[in-house]
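If you read the sequence shown in the UniProt record's numbering, its first letter stands for residue 1, the second for the next number, and so on.
Here a beta-carbon is modelled for each residue, glycine too, at the ideal position from N, C-alpha and C.
Please read these numbers as outputs of a predicted model, since none were measured by experiment.
These notes are about the structure you will find just below.
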Amino acid sequence: MNNANGKDGTGTVRKNQFKRKRDSEDGSVAGDGYSSEEDYGNEMGEEPDHASLSEEERHETAESFSTAEAARRQQRLEKNRKKARDRRNRKKIMIEEMQRGVVVISRMNDELRRKKPRTNEEISTVWTSW
Numbered sequence: 001m002n003n004a005n006g007k008d009g010t011g012t013v014r015k016n017q018f019k020r021k022r023d024s025e026d027g028s029v030a031g032d033g034y035s036s037e038e039d040y041g042n043e044m045g046e047e048p049d050h051a052s053l054s055e056e057e058r059h060e061t062a063e064s065f066s067t068a069e070a071a072r073r074q075q076r077l078e079k080n081r082k083k084a085r086d087r088r089n090r091k092k093i094m095i096e097e098m099q100r101g102v103v104v105i106s107r108m109n110d111e112l113r114r115k116k117p118r119t120n121e122e123i124s125t126v127w128t129s130w
């Protein structure tokens with residue numbers, strides 16, 4: 001994918017050219033000796049460079065890319081929303097459990113505070129009886 005400035009960083013997309021000699025049977029060089037990147041890529045079994053596509057093909061490619069990208073983005077957003085909803089639900093459950101724990105511990109603490117004076121009294125009685 002090209003960056004915002006193009007392949008060469010100048011703001012334009014240039015076709016990289018490779019100098020290749022094409023020897024015919026008689027040893028002469030065929031053509032001008034230059035071949036564009038997409039020609040080279042095609043011989044290697046690769047897809048042609050985006051710059052070699054016609055305006056219509058580029059529009060179709062960009063449209064299909066943007067459609068596919070939009071679909072992936074939509075799926076990602078939906079997945080993210082679901083994960084956020086699940087996380088909020090887990091957090092809500094965790095907070096409710098903690099609140100129940102606080103109630104239980106507070107009741108235990110209140111009961112212990114009520115028992116403490118009696119227990120201290122019993123202890124002092126036992127110590128004085130020895």
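Asked	Found
Within the same chain, show all residues whose beta-carbon is closer than 7 Å to that of E96, passing over the 5 residues directly before and after it, in chain order.	none
Can you grab the Cα-Cα spacing for the pair W130 / N120, in whole Å?	16 Å
In angstroms with no decimal places, state the Cα-to-Cα distance between A68 and R76.	12 Å
Give me the Cα-Cα distance between M98 and N109, rounded to the nearest whole angstrom.	16 Å
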